[in-house]
Amino acid sequence: MEGRGAADPKPPAEEKLLSSRALVLTGYGGYEKLKLQVKTMKPPRLQPGEVMVRLRACGLNFAELLGKQGLYELLPAPPVVMGMEGSGVVEAVAEDVKDRKVGDRVIAVNRCDMWQELVVLPAKRTYPMPEGMSFEEAAAIPINYLTAYMMLFEMANLRPGKSVLIHMAAGGVGTAATQLCQTVQDVTVFGTASASKHETISQGGVTHPIDYRTKDYVAEIRKISPKGVDIVLDPLGGSDTHKGYNLLKPLGMLIAFGAANCVTGQKKNLLAVAKTWYHQLSLNTLKLMQHNKAISGFHLGYITDEELYDGTIFKLLELYKQGKIKPRIDSCYHFEEVADAMKRMHERQNIGKKSLKCDETARHDKPDFFFFYSFLFFRGDHEVPN
Ligand SMILES: NC(=O)c1ccc[n+]([C@@H]2O[C@H](COP(=O)([O-])OP(=O)(O)OC[C@H]3O[C@@H](n4cnc5c(N)ncnc54)[C@H](OP(=O)(O)O)[C@@H]3O)[C@@H](O)[C@H]2O)c1
Numbered sequence: 001m002e003g004r005g006a007a008d009p010k011p012p013a014e015e016k017l018l019s020s021r022a023l024v025l026t027g028y029g030g031y032e033k034l035k036l037q038v039k040t041m042k043p044p045r046l047q048p049g050e051v052m053v054r055l056r057a058c059g060l061n062f063a064e065l066l067g068k069q070g071l072y073e074l075l076p077a078p079p080v081v082m083g084m085e086g087s088g089v090v091e092a093v094a095e096d097v098k099d100r101k102v103g104d105r106v107i108a109v110n111r112c113d114m115w116q117e118l119v120v121l122p123a124k125r126t127y128p129m130p131e132g133m134s135f136e137e138a139a140a141i142p143i144n145y146l147t148a149y150m151m152l153f154e155m156a157n158l159r160p161g162k163s164v165l166i167h168m169a170a171g172g173v174g175t176a177a178t179q180l181c182q183t184v185q186d187v188t189v190f191g192t193a194s195a196s197k198h199e200t201i202s203q204g205g206v207t208h209p210i211d212y213r214t215k216d217y218v219a220e221i222r223k224i225s226p227k228g229v230d231i232v233l234d235p236l237g238g239s240d241t242h243k244g245y246n247l248l249k250p251l252g253m254l255i256a257f258g259a260a261n262c263v264t265g266q267k268k269n270l271l272a273v274a275k276t277w278y279h280q281l282s283l284n285t286l287k288l289m290q291h292n293k294a295i296s297g298f299h300l301g302y303i304t305d306e307e308l309y310d311g312t313i314f315k316l317l318e319l320y321k322q323g324k325i326k327p328r329i330d331s332c333y334h335f336e337e338v339a340d341a342m343k344r345m346h347e348r349q350n351i352g353k354k355s356l357k358c359d360e361t362a363r364h365d366k367p368d369f370f371f372f373y374s375f376l377f378f379r380g381d382h383e384v385p386n
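The sequence shown runs 1 to 386 under full-length UniProt numbering.
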């Protein structure tokens, strides 16, 4: 062959750039710290075992309220994309990934990074969605239901005839725990929630809804069950842990799994944090022996046993297929409306799960709600023009 051009390999076809919107926490503080940014990126080169998922919905959890205030220790420092769960469609798979394919509808979990449209993560952190499950439902399963399931069944060994006190019973974990209690015969559920939610949570399976905002919930429970309860799920911390412990029947168990009492609004309240910390329950083992009670702690973020994690998700998906659990979606907000979504939690209005929608159309609904900032994104290397 003659001539230079003939021997040259073809110039590479121009790679189509991908665009992905992400909600970035730019610092600790109020809602203004969350910025919606548009990333433009080359199609990422997937590492072995990875998939790329175009998310359609993400879950909003109490952990993100804490994270925004710098109170969630597992969240990397800002700037960071929050979000621990989502659902969407597989858009690319690494060569060695055989059990996921492009087009699969999956649930996806990660320590953070999920409040964006495109996410790259290990295929083993994705789970096929059952037929008929909506993206909002799928994004509502992992954190709330894993937490509720592991506490009720792995730790507290819930059995027929037992009684359970569920705080924040109308919230994400609360509604999940209530549904899971219904899978066991004759379980009595005491549920604390704001009064306006009582009818709904009663229909959802709470036997005795209690308005903790206007009534002494300990006295209310004692009126119905003078001996107390078998299991207390405590997401509040501080003085409520003492109350929960005192409410336990002999051989009962309290599981501490949160410190919602630290949160009073969108910004960090150091007094509330100090008060919750100061009133922590502190006991020695001798006292536990004398009281015949158990205290346990639970934090899903520190569950590193993949078999336990995956096995529990599959059990939950099976329960979903059998119609025994169904996430209650309180509301679905577009990325632009994340402040409204968080506000709804802070103002204690939600009944069930709050989701964030990732679809593109949202960009045009409320274009000026956040400051849009485009930048070029290459994996691990952010280049910000101008
Ligand atoms: N350890 C873990 O692995 C783990 C995992 C998931 C969640 N959690 C914990 O579980 C709890 C519930 O989480 P979630 O995501 O399901 O949230 P959520 O219950 O949906 O949170 C909002 C609801 O909680 C109630 N609430 C009580 N105290 C509140 C406060 N200080 N600020 C705002 N709302 C308050 C309000 O309802 P009412 O007024 O009607 O009660 C509000 O509507 C949180 O403490 C969270 O940190 C722990």
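A virtual CB, placed ideally from N, CA and C, is assigned to each residue, including glycine. Since the model is a prediction, treat every value here as computed from it, not as a measurement.
Which residue from the options puts its Cα closest to that of residue i?
| i | options | result |
| --- | --- | --- |
| residue 240 | 226, 268, 275, 63 | 275 |
| residue 156 | 231, 108, 119 | 231 |
| residue 405 | 62, 142, 120, 39 | Residue 405 lies beyond the stretch modelled for the chain, which goes from 1 to 386, so this question has no answer here. |
| residue 19 | 38, 25, 30, 33 | 38 |
| residue 26 | 76, 59, 80, 46 | 80 |
| residue 242 | 89, 278, 273 | 278 |
| residue 133 | 349, 322, 343 | 322 |
| residue 353 | 195, 36, 30, 169 | 169 |
| residue 297 | 35, 257, 91, 208 | 257 |
| residue 299 | 269, 234, 285 | 234 |
| residue 357 | 209, 75, 202, 115 | 115 |
| residue 216 | 247, 273, 131 | 247 |
| residue 139 | 23, 60, 343 | 60 |
| residue 347 | 72, 196, 153 | 196 |
| residue 207 | 175, 288, 344 | 175 |
| residue 315 | 228, 47, 153 | 153 |
| residue 269 | 22, 65, 355, 47 | 65 |
| residue 48 | 333, 92, 83 | 92 |
| residue 259 | 148, 135, 273 | 273 |
| residue 90 | 302, 135, 161, 289 | 135 |
| residue 320 | 76, 340, 137 | 137 |
| residue 187 | 223, 165, 333 | 165 |
Rounded to the nearest angstrom, what separates residue i and residue j at their Cα positions?
| i | j | result |
| --- | --- | --- |
| residue 312 | residue 211 | 32 Å |
| residue 362 | residue 271 | Caution is warranted here: a pLDDT of 43 is assigned to residue 362, below 50, making its placement in the model unreliable, and no coordinate value can be reported. |
| residue 383 | residue 40 | Note that residue 383 scores 30 on pLDDT, short of 50, meaning its location in the model is unreliable and no value can be drawn from it. |
| residue 69 | residue 189 | 32 Å |
| residue 57 | residue 328 | 14 Å |
| residue 33 | residue 338 | 11 Å |
| residue 17 | residue 244 | 54 Å |
| residue 251 | residue 294 | 7 Å |
| residue 43 | residue 306 | 29 Å |
| residue 86 | residue 220 | 38 Å |
| residue 145 | residue 226 | 30 Å |
| residue 150 | residue 131 | 25 Å |
| residue 95 | residue 122 | 13 Å |
| residue 31 | residue 309 | 32 Å |
| residue 67 | residue 52 | 25 Å |
| residue 203 | residue 214 | 22 Å |
| residue 376 | residue 236 | Low local confidence applies: a pLDDT of 31 at residue 376 is under 50, so the model's placement there is unreliable, and no value is given. |
| residue 364 | residue 335 | Because residue 364 sits at a pLDDT of 37, beneath the cut-off of 50, its placement in the model cannot be relied upon, and the point is left open. |
| residue 112 | residue 45 | 20 Å |
| residue 173 | residue 82 | 19 Å |
| residue 148 | residue 71 | 22 Å |
| residue 209 | residue 228 | 15 Å |
| residue 349 | residue 194 | 8 Å |
| residue 74 | residue 36 | 22 Å |
| residue 163 | residue 290 | 22 Å |
| residue 302 | residue 84 | 13 Å |
| residue 254 | residue 76 | 30 Å |
| residue 238 | residue 283 | 13 Å |
List the DSSP bridge partners of residue i.
| i | result |
| --- | --- |
| residue 192 | 210 |
| residue 355 | 59, 332 |
| residue 324 | Paired residue(s): none; residue 324 is not in a bridge. |
| residue 256 | 234, 297 |
| residue 281 | Residue 281 pairs with nothing; no bridge assigned. |
| residue 128 | 106 |
| residue 92 | 52 |
| residue 116 | 22 |
| residue 164 | 189, 231 |
| residue 80 | 25 |
| residue 86 | 58, 108 |
Report, in whole angstroms, the separation of the C-beta atoms of residue i and residue j, which I expect to be a contact under 8 Å.
| i | j | result |
| --- | --- | --- |
| residue 351 | residue 179 | So it is not a contact: roughly 13 Å between Cβ atoms. |
| residue 50 | residue 120 | 6 Å |
| residue 200 | residue 167 | Not quite, the Cβ-Cβ distance comes to about 16 Å (not below 8 Å), so this is no contact. |
| residue 396 | residue 185 | In the structure as shown, the chain begins at 1 and stops at 386. Residue 396 is therefore absent and cannot be evaluated. |
| residue 54 | residue 118 | 6 Å |
| residue 62 | residue 345 | 7 Å |
Can you determine whether any heavy atom of ligand 2 sits closer than 6 Å to the C-beta of residue i, and answer yes or no?
| i | result |
| --- | --- |
| residue 194 | The model depicted lacks ligand 2 and carries ligand 1 instead. |
Quick test of the definition: if touching needs 3 or more C-beta pairs under 8 Å, does the region 125 to 137 touch the region 90 to 109?
yes
Contact between the region 102 to 117 and the region 258 to 272: three or more CB pairs below 8 Å?
no
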